[in-house]
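Going from the sequence shown to the numbering used here is simple: count from 1 and add 241.
We put the CB at the ideal spot given by N, CA and C, even for glycine.
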Amino acid sequence: MALTISQLSVLAAAFIYLSAFCCKIGMADDFTPERGDVPDQTGSAEQDPAQIVAKALLCFNDKYVYSSCEESYRLNESGDLKVPAAKTDEYCNGPCLQETHLVLDCVDNILSNFLFYNKATVQDVRDTIRAGCGYGEERGKFDVPEHIKAEGSKAYKAANYQILIGLVVMIMGNGLLF
Numbered sequence: 242m243a244l245t246i247s248q249l250s251v252l253a254a255a256f257i258y259l260s261a262f263c264c265k266i267g268m269a270d271d272f273t274p275e276r277g278d279v280p281d282q283t284g285s286a287e288q289d290p291a292q293i294v295a296k297a298l299l300c301f302n303d304k305y306v307y308s309s310c311e312e313s314y315r316l317n318e319s320g321d322l323k324v325p326a327a328k329t330d331e332y333c334n335g336p337c338l339q340e341t342h343l344v345l346d347c348v349d350n351i352l353s354n355f356l357f358y359n360k361a362t363v364q365d366v367r368d369t370i371r372a373g374c375g376y377g378e379e380r381g382k383f384d385v386p387e388h389i390k391a392e393g394s395k396a397y398k399a400a401n402y403q404i405l406i407g408l409v410v411m412i413m414g415n416g417l418l419f
């Protein structure tokens, strides 16, 4: 059975889609230099998954990362940021903001799909910080679960979207080819 040009075009489009969006061709990792004599904090294929998670959790207690931020304002493993609204300027303009981003970078570099105990992703926490330090109506609001409820979590949304598009392309391609 010979394929027509339109059927070959659909098949080619499906392969291009799969290679471009599912395989992430040409995407490079961001480079984040380490500070001081921080030990190597990258994951390894040879490590036990429990060890990788334990290594990611060490980022929250790393004395080289959190050195100047007041302990009560620090991000913890639960995904909580307990910054009072009255201390927003101090948090956003002081060392806490930079150190919190260093902790998030540390966690993200070790385990890119890390979920906090409150089911927030690293990106959810970053979005909450951005909104809390912004100058809009969300300024001073650092409640991560509340922000997720208002905005929606980013966890698994991209993957679900790609799977859905892939299934649609496969069904359409199958219908056009046969």
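Per DSSP, what kind of secondary structure is Thr245 in: helix, strand or coil? coil
For Leu316, collect the residues of the same chain with a Cβ closer than 8 angstroms to its Cβ; drop the 5 residues on either side in sequence, then sort them by chain order. Phe301, Leu322, Thr341, Val344, Leu345 and Val366
Note down the Cα distance separating Asp288 from Tyr376, rounded to an integer number of angstroms. Reading the sequence as shown, one finds Gln at residue 288 and not Asp. Rounded to whole angstroms, Gln288 to Tyr376 spans 43 angstroms at the Cα level.
Same chain, Cβ closer than 7 angstroms to Tyr358, neighbours up to 5 away in sequence not counted: Glu318, Ser319 and Gly320
For Thr245, count neighbouring Cβ atoms within 10 angstroms of its own Cβ and tell me buried if that reaches 16, exposed if not. exposed
Run the CB neighbour count on Ala297, radius 10 Å, all protein chains shown included, and call it buried at 16 or more, exposed below. buried
Helix, strand or coil at Leu252 [DSSP, three-state]: helix
If I follow the unbroken alpha helix (DSSP H) through Glu387, where does it start and stop? Val385 to Glu392
List the whole-angstrom C-beta distance separating His388 from Thr369, where the pair is believed to meet the contact cut-off of C-beta under 8 angstroms. 4 angstroms
Runs of 4 residues minimum, wholly inside the segment 291-347: which ones carry the alpha helix (DSSP H) assignment? 329-334
Around the Cβ of Asp421, are there at least 16 other Cβ atoms within 10 angstroms (buried) or fewer (exposed)? There is no way to answer for residue 421, as the model of the chain reaches only from 242 to 419.
Rounded C-alpha distance that separates Leu252 from Ile406: 14 angstroms
Determine the direct distance from the alpha carbon of Tyr305 to that of Asn334, and round the result to whole angstroms. 20 angstroms
For Lys360, which option in Glu379, Pro386, Tyr332 and Met413 has the closest C-alpha, if you only look at C-alpha atoms? Pro386
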